[in-house]
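Chemist: Numbering (this note's numbering), first residue to last: 815 to 1068.
Supplied in structure tokens, the structure appears directly below.
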Amino acid sequence: MFRPCIDLHEGQVKQIIGGTLSDDGKEPQINFASDRPSSWYATLYRKDDLRGGHVIQLGPGNDTAAHEALAAFPGGLQLGGGINQQNAATWLDAGASHVIVTSWIFREGQLDEDRLAALVQSIGRERLVLDLSCRERNGEYWVVTDRWQNFTKLPINEATLKKLAPNCAEFLIHAVNVEGKQTGIDLALVQTIAAHSTIPATYAGGSQSLADLEAVEEAGQGRVHLTIGSALDIFGGNVKYEDCVAFNQRCGKA
């Protein structure tokens, strides 16, 4: 199933090679910067009933654009970026169907189970998505945090996915090494997710053609969704948005 996205950077809808984001003042590598507001994209997704997409705040200065997107499609979009126990309920009240959390539940590279438990108790697992975006290193996938710059000690494997599944409604997993590069999906990661995740999961990273949707649907055994970002024509790419909508409709999942 195709899932849409709205990535926000400095208040503008952009497509960025995620691995180039950092806190050292360097400009990230931008694939696309839109002259349309976030609400335009959210309204489009609402028209086509594309639920489960995510709005990601890439750094500060995106609150207004995030609120505008959620207002345009209330209950239809997930919201991530800077989520913690203090602000999670506020974003849900603003119209997010779920909040997406990653860095806040890690400390010094370790999963902070107390923080995760507190967040689940605060908002409920059914409104929580865990972002387990990862990089491959030495033949294994490891969750990365803090703008995807820091490796944690949490691998993406059967034990991790089964342990975390009772604490959330879904997983969101970017393959950071290929994210935004349009060089093809990381099929091995998709297969790992499909084999071991007992809850819905969305994979993102490297999509370059409609064939990737078919590949993820097959390899993911119908349990893994695919986000297409930079390759989509509404973000300056060559994959037609309308073809992705039609794919969902053919699968009977729109």
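Glycine residues also receive a C-beta, built at the ideal position from the N, C-alpha and C atoms.
Computed from a prediction, not measured in an experiment: that's the story for all the values here.
1. State the CB to CB distance for the pair SER936 and ALA902, rounded to an integer number of angstroms; the pair is presumed to be in contact (CB under 8 angstroms).
2. Exposed or buried, what is ALA1002 when buried is set at 16 or more other beta-carbons lying within 10 Å of its beta-carbon?
3. On a Cα-Cα basis, can you pick out the residue from VAL957, PHE1061, ILE987 and PHE920 that is closest to ASN898?
4. For the putative contact between TYR859 and PHE816, defined by C-beta atoms under 8 angstroms, what is the C-beta separation to the nearest angstrom?
5. With burial defined as no fewer than 16 other Cβ atoms inside 10 Å of the residue's Cβ, what is the status of THR1006: buried or exposed?
6. Distance, Cα to Cα, LEU906 vs HIS881?
7. Between which two residues does the alpha helix (DSSP H) carrying ALA886 extend?
8. Given GLN843, which residues of its chain have a CB within under 8 angstroms of its CB, disregarding the five upstream and five downstream residues?
9. So, with DSSP's three-state summary, where would you put ILE1042?
10. Take ALA1060 and list the residues in its own chain whose beta-carbon comes closer than 7 angstroms to its own, dropping the five residues that flank it on each side.
11. Mind checking VAL1053: buried by the 16 CB within 10 Å criterion, or exposed?
12. Just to confirm, is the Cβ distance from CYS819 to GLY867 under 7 angstroms?
13. Would you mind sorting LYS828 into buried or exposed? The rule is 16 or more other CB atoms within 10 Å of its CB.
14. According to DSSP, simplified to helix, strand and coil, what is VAL990?
15. Compute the distance between the beta-carbons of GLN996 and ALA1045, then report whether it is under 7 angstroms.
16. In whole angstroms, what separates the C-alpha of LEU944 from that of TYR855?
17. Assuming contact is defined by CB atoms lying nearer than 7 angstroms, are GLU1031 and ILE1013 in contact in what I supplied?
18. Counting beta carbon pairs with one atom in the stretch 976-983 and one in the stretch 949-963, are three or more of them shorter than 8 angstroms?
19. Verify whether the separation of the beta carbon atoms of ASP960 and SER917 is less than 7 angstroms.
20. Distance, Cα to Cα, LEU1027 vs VAL1038?
21. Looking only at its own chain, which residues have a Cβ that is under 8 angstroms from the Cβ of VAL768, when we skip the five neighbours before and after it?
22. Can you name the start and end residues of the beta strand (DSSP E) that ASN1062 belongs to?
23. Return the bridge partner residues of CYS982 from the DSSP annotation.
24. Can you name, in chain order, every residue of its own chain whose Cβ lies under 7 angstroms from the Cβ of ALA1033, other than the five neighbours on each side?
25. With 16 as the cutoff for other CB atoms within 10 Å, does THR1041 come out buried or exposed?
26. Can you tell me the Cα-Cα spacing of THR966 and GLU841, whole angstroms?
Modeler: Reading from the atomic positions:
1. Here residue 936 corresponds to residue number 122 of the sequence shown, with the count starting at 1. Here residue 902 corresponds to residue number 88 of the sequence shown, with the count starting at 1. Indeed, because the Cβ distance is near 7 angstroms, the residues count as touching under 8 angstroms.
2. Taking the sequence shown and counting its residues from 1, the one referred to as residue 1002 is at position 188. Classification of ALA1002: exposed, given that the 10 Å Cβ count is below 16.
3. The residue given as residue 898 occupies position 84 in the sequence shown. Comparing Cα-Cα distances from ASN898 to each of VAL957, PHE1061, ILE987 and PHE920, the minimum goes to PHE920.
4. What you label residue 859 is simply residue 45 of the sequence shown in a count that begins at 1. What you label residue 816 is simply residue 2 of the sequence shown in a count that begins at 1. Not quite, the Cβ-Cβ distance comes to about 11 angstroms (not below 8 angstroms), so this is no contact.
5. The residue given as residue 1006 occupies position 192 in the sequence shown. The Cβ neighbour count for THR1006, taken over all protein chains shown within 10 Å, is at least 16; the residue is labelled buried.
6. As a first step, residue 906 is located in the sequence shown; it is residue number 92 there, counting from the start. As a first step, residue 881 is located in the sequence shown; it is residue number 67 there, counting from the start. Each residue's Cα considered, the two are about 11 angstroms apart.
7. By 1-based counting over the sequence shown, the position of residue 886 is 72. 877-886 is the span of the alpha helix (DSSP H), which, as asked, contains ALA886.
8. Taking the sequence shown and counting its residues from 1, one reaches residue 843 at position 29. The beta carbon of GLN843 is closer than 8 angstroms to those of ILE830, ILE831, THR834 and GLY994 in its chain, skipping five residues each way along the sequence.
9. Reading the sequence shown from its first residue, position 228 is the one you call residue 1042. The DSSP-derived three-state label of ILE1042 is coil.
10. Residue mapping note: residue 1060 aligns to position 246 of the sequence shown, counting from 1. Excluding positions up to five away in sequence, the list is empty.
11. As a first step, residue 1053 is located in the sequence shown; it is residue number 239 there, counting from the start. With 16 or more neighbouring CB atoms inside 10 Å of its own CB, VAL1053 falls in the buried class.
12. The sequence position of residue 819 within the sequence shown is 5, counting from 1. The sequence position of residue 867 within the sequence shown is 53, counting from 1. Note that the C-beta distance between CYS819 and GLY867 is below 7 angstroms.
13. Position 14 of the sequence shown, counted from the first residue, corresponds to residue 828. Flag for LYS828 reads buried.
14. The residue labelled residue 990 in the question sits at position 176 within the sequence shown. If DSSP states are grouped into helix, strand and coil, VAL990 belongs with coil.
15. The sequence position of residue 996 within the sequence shown is 182, counting from 1. The sequence position of residue 1045 within the sequence shown is 231, counting from 1. Yes.
16. Your numbering for residue 944 matches position 130 in the sequence shown. Your numbering for residue 855 matches position 41 in the sequence shown. Here the alpha carbons of TYR855 and LEU944 stand approximately 24 angstroms from one another.
17. Start at 1 with the first residue of the sequence shown, and residue 1031 comes out as number 217. Start at 1 with the first residue of the sequence shown, and residue 1013 comes out as number 199. In terms of Cβ geometry, GLU1031 and ILE1013 do not form a close pair [threshold 7 angstroms].
18. The stretch 976-983 and the stretch 949-963 do not touch, with fewer than three beta-carbon pairs separated by less than 8 angstroms.
19. Looking up residue 960 in the sequence shown gives position 146. Looking up residue 917 in the sequence shown gives position 103. Cβ distance < 7 angstroms, so ASP960 and SER917 count as in contact.
20. Reading the sequence shown from its first residue, position 213 is the one you call residue 1027. Reading the sequence shown from its first residue, position 224 is the one you call residue 1038. The C-alpha of VAL1038 is placed about 10 angstroms away from the C-alpha of LEU1027.
21. Any question about residue 768 goes unanswered here, given that the chain covers just 815 to 1068.
22. To locate residue 1062, count along the sequence shown from 1; it is residue 248. DSSP places ASN1062 in no beta strand (DSSP E) but in the uninterrupted alpha helix (DSSP H) bounded by 1055-1064.
23. Locating residue 982 in the sequence shown gives position 168, counting from the first residue. Per DSSP, none; premise fails for CYS982.
24. Counting from one through the sequence shown, the residue named residue 1033 turns up at place 219. Around ALA1033: LEU1001, VAL1004, GLN1005 and ALA1008.
25. Working through the sequence shown from its first residue, we reach residue 1041 at position 227. So THR1041 counts as buried.
26. Taking the sequence shown and counting its residues from 1, the one referred to as residue 966 is at position 152. Taking the sequence shown and counting its residues from 1, the one referred to as residue 841 is at position 27. Going from the Cα of THR966 to the Cα of GLU841 covers about 24 angstroms.
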